[in-house]
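Residue numbers (the working numbering): 160 to 400.
For reference, the structure discussed in these notes is given below.
Structural data, given as structure tokens:
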């Protein structure tokens with residue numbers, strides 16, 4: 160077993176509270192991620208490269224980039240999150256830590272939620288931080304960039320939460336990356352549509368409150384249901400492994 164888990168979670172210790180266990184899992188995932196910087200940087204570099212190369216491959220015209228810029232950034236962010244999902248449970252599965260998490264007395268869905276939040280902090284949040292710079296690159300105005308950052312701030316956690324279900328279902332399978340994409344991308348489409356639609360409405364001067372509220376509803380729904388589905392999928396994957 161990975162030695163980092165035992166002192167943090169108190170293996171098989173009923174006295175460790177659920178919130179303390181979540182904090183332990185969250186802190187451990189951050190620590191492990193910074194030890195594996197390649198996995199941490201790959202999605203960010205992919206995000207930057209896609210946005211940078213798109214104008215060169217399609218059209219560098221300012222009018223086109225202003226119209227398509229939000230869509231470019233959203234698609235690049237979606238693919239970057241998808242690229243990182245295979246590592247969400249993979250390392251813990253390989254070294255046996257995941258089996259120990261399943262055996263903990265604390266609810267598994269809370270531990271999965273902590274791991275998913277750590278994944279978002281490491282992947283989704285940096286994408287949001289990079290967005291203003293890349294938004295200027297595709298000639299978006301200040302208001303559109305602000306709304307785009309807001310939609311990504313709400314939408315990227317949804318991508319991580321939905322993606323955790325697919326990552327749990329495909330755990331231990333060969334060619335898991337391809338299967339993960341086939342499972343998850345259809346579920347990402349509503350988030351993508353409303354994310355880009357919110358920015359388009361802001362660009363046209365329309366009220367975006369309803370769009371933002373709907374994306375917030377997506378986030379609440381994902382926070383409520385995805386950890387339970389991911390926990391159940393993990394149990395199924397481990398029992399079949």
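Note that the Cβ used here is the ideal one computed from N, Cα and C, for glycine as well.
In this text the structure is predicted, and so the values were computed from the model without any measurement.
C-beta contact flag for residue i and residue j at 8 Å
i	j	result
residue 367	residue 306	yes
residue 273	residue 185	yes
residue 202	residue 282	yes
residue 241	residue 322	yes
residue 229	residue 299	yes
residue 326	residue 276	no
residue 231	residue 248	no
residue 179	residue 209	no
residue 105	residue 199	The structure shown has nothing for residue 105, since the chain only spans 160 to 400.
residue 317	residue 350	yes
residue 378	residue 313	yes
residue 355	residue 279	no
Same chain only: Cβ atoms within 6 Å of residue i, ignoring 5 sequence neighbours per side
i	result
residue 161	Below a pLDDT of 50, predicted positions are generally treated as unreliable, and residue 161, at 43, falls in that range; the measurement from the model is reported next regardless. If we look at residue 161 and ignore the five residues flanking it on each side, its Cβ neighbours are 254, 256.
residue 342	325
residue 252	330
residue 181	269, 273
residue 389	271, 323, 324, 327
residue 225	298
Other residues of its chain near residue i: CB distance less than 8 Å, five sequence neighbours each side excluded
i	result
residue 177	265, 266, 269
residue 386	268, 269, 271, 272, 275, 320, 323
residue 394	261, 267
residue 381	316, 317, 320, 321
residue 375	313
residue 399	331
CB-CB length for residue i against residue j, believed under 8 Å
i	j	result
residue 397	residue 261	6 Å
residue 287	residue 315	7 Å
residue 332	residue 392	Not quite, the Cβ-Cβ distance comes to about 12 Å (not below 8 Å), so this is no contact.
residue 384	residue 353	Their Cβ separation, rounded to whole angstroms, is 18 Å, which puts residue 384 and residue 353 out of contact at 8 Å.
Span of the alpha helix (DSSP H) around residue i
i	result
residue 251	246 to 254
residue 282	Note, residue 282: premise wrong, no alpha helix (DSSP H); not H, not E.
residue 383	368 to 399
residue 323	301 to 328
residue 278	267 to 278
residue 337	335 to 362
residue 178	177 to 194
Proximal residues to residue i (C-beta, below 7 Å), its chain only, five neighbours per side dropped
i	result
residue 302	361
residue 335	245, 329
residue 339	244, 245, 325, 326, 329
Residue i Cβ short of 7 Å to the ligand GDP heavy atom set
i	result
residue 224	Looking at this structure, you won't find the ligand GDP or any other ligand, since it has none at all.
Counting only runs of 4+ residues fully inside the region 202 to 235, write out the alpha helix (DSSP H) ranges in chain order. none
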